[in-house]
Amino acid sequence: MITTDPIADFLTRIRNAIKARHRVVDIPASNLKKELTALLYDKGYIASYKFEDNGPQGNIKIALKYNPQTKKSAIVNLTRVSKPGLRKYVKSSELPRVLNGLGIAVISTSKGIITDKEARTLNVGGEVLCYVY
Numbered sequence: 538m539i540t541t542d543p544i545a546d547f548l549t550r551i552r553n554a555i556k557a558r559h560r561v562v563d564i565p566a567s568n569l570k571k572e573l574t575a576l577l578y579d580k581g582y583i584a585s586y587k588f589e590d591n592g593p594q595g596n597i598k599i600a601l602k603y604n605p606q607t608k609k610s611a612i613v614n615l616t617r618v619s620k621p622g623l624r625k626y627v628k629s630s631e632l633p634r635v636l637n638g639l640g641i642a643v644i645s646t647s648k649g650i651i652t653d654k655e656a657r658t659l660n661v662g663g664e665v666l667c668y669v670y
């Protein structure tokens with residue numbers, strides 16, 4: 538299946554799996570999606586992930602993280618910001634803050650896929666991919 542916006546598809550699959558209370562979600566792999574998955578894991582939004590190289594494209598298996606007492610997901614909201622029809626680029630001085638610093642903005646920069654906090658310390662701007670909180 539060909540999608541015009543693979544990042545939006547990635548976020549929507551995770552969002553739908555959380556609403557359905559799934560433990561694991563399978564997503565078709567790409568290098569950008571692998572970097573996004575690793576970033577979400579490093580920031581504590583997902584429990585674990587595994588890259589499977591079956592076939593030409595491969596899969597990403599993501600284990601979603603839930604609070605054991607309240608059964609709420611660690612991810613409350615995933616919002617796509619920059620779209621294929623309208624890209625959102627920001628300078629290093631105009632980097633967004635998500636929920637006053639409680640969430641993260643994922644930025645695609647010349648240094649790779651990083652969060653808004655890391656972009657501020659590196660003093661780089663780039664394309665705002667999505668907000669996660």
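Going by the numbering used here, the sequence shown wraps up at 670, each residue one higher than the last. Ideal Cβ placement from N, Cα and C applies to all residues, glycine included.
Buried or exposed by the 16-neighbour rule on C-beta atoms within 10 Å, applied to G638: Classification for G638: exposed.
Roughly how many whole angstroms lie between the Cα atoms of R634 and D590? The straight-line gap from Cα to Cα measures roughly 36 Å.
Assign T574 to one of two classes, buried (16 or more other C-beta atoms within 10 Å of its C-beta) or exposed (fewer than that). Only buried fits T574, as 16 or more other CB atoms lie within 10 angstroms of its CB.
If I555 sits next to I641, beta carbons under 8 Å apart, how far is it from one beta carbon to the other, in whole angstroms? About 17 Å separates the beta carbons of I555 and I641, which is beyond the 8 Å limit, so they are not a contact pair.
Counting only runs of 4+ residues fully inside the stretch 561-596, write out the alpha helix (DSSP H) ranges in chain order. Those alpha helix (DSSP H) runs which fall completely within the stretch 561-596 and span 4+ residues are 568-579.
Where does R552 fall in DSSP's three states? Reduced to three states, the DSSP call for R552 is helix.
Tell me the rounded alpha-carbon separation between S647 and E664. Whole-angstrom Cα-Cα distance: 10 Å.
Kindly indicate which residue of N596, L576, D546 has the alpha-carbon position closest to the one of P565. Ranking N596, L576, D546 by Cα distance to P565 puts N596 first.
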